[in-house]
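A quick write-up on the structure given underneath.
In the working numbering, the protein residues as written are 26 to 146.
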């Protein structure tokens with residue numbers, strides 16, 4: 026029997042189901058991992074600052090944050106970041122660094138096999 030999703034945000038519930046479906050269709054574990062992280066209570070959901078992304082990534086890497094990206098710090102190289110949510114300042118700093126911010130759904134469509142993606146939580 027499938028685990029009951031206790032989230033109330035219909036968009037988040039849809040995303041979690043889509044990730045699980047894609048994980049089994051493509052036989053890719055990363056999407057199931059992200060779905061499990063998004064199912065956590067809101068208080069336990071990842072909140073990652075730009076400074077942490079800057080420290081743990083290199084030029085042109087693709088990363089995924091199963092939570093929210095916050096704007097504290099500075100980004101000095103181009104990266105592609107997918108996340109559930111972004112703060113306004115985080116989006117601005119990613120654009121300033123010539124990077125790209127996208128939703129998890131967009132990354133899922135762009136890279137269904139989940140290759141070369143780093144999870145930062």
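Note that CB positions come from ideal geometry on N, CA and C, so glycine has one too.
Rounded separation between residue 42 and residue 78 - CA only: Here residue 42 refers to the residue found at position 17 of the chain shown. Here residue 78 refers to the residue found at position 53 of the chain shown. Rounded to whole angstroms, residue 42 to residue 78 spans 27 Å at the Cα level.
State buried or exposed for residue 82, treating a residue as buried only when at least 16 other CB atoms are found within 10 Å of its CB. Position 57 of the chain shown, counted from the first residue, corresponds to residue 82. Buried, since its Cβ has 16 or more Cβ neighbours within 10 Å.
Proximity to residue 145 [Cα-Cα], best of 121, 49, 92: As a first step, residue 145 is located in the chain shown; it is residue number 120 there, counting from the start. With distances taken between Cα atoms, residue 145 lies closest to 92.
At the level of alpha carbons, what is the spacing between residue 112 and residue 50? For this step, residue 112 is matched to residue 87 along the chain shown. For this step, residue 50 is matched to residue 25 along the chain shown. If I take the Cα positions, the gap works out to 32 Å.
Starting from the Cα of residue 116, find the closest Cα among 133, 130, 98 and give me that residue. Indexing the chain shown from 1 puts residue 116 at position 91. If we check each option's Cα against that of residue 116, 98 comes out closest.
Limits of the unbroken alpha helix (DSSP H) element including residue 81: Here residue 81 refers to the residue found at position 56 of the chain shown. From DSSP, the alpha helix (DSSP H) with residue 81 extends over 75-81.
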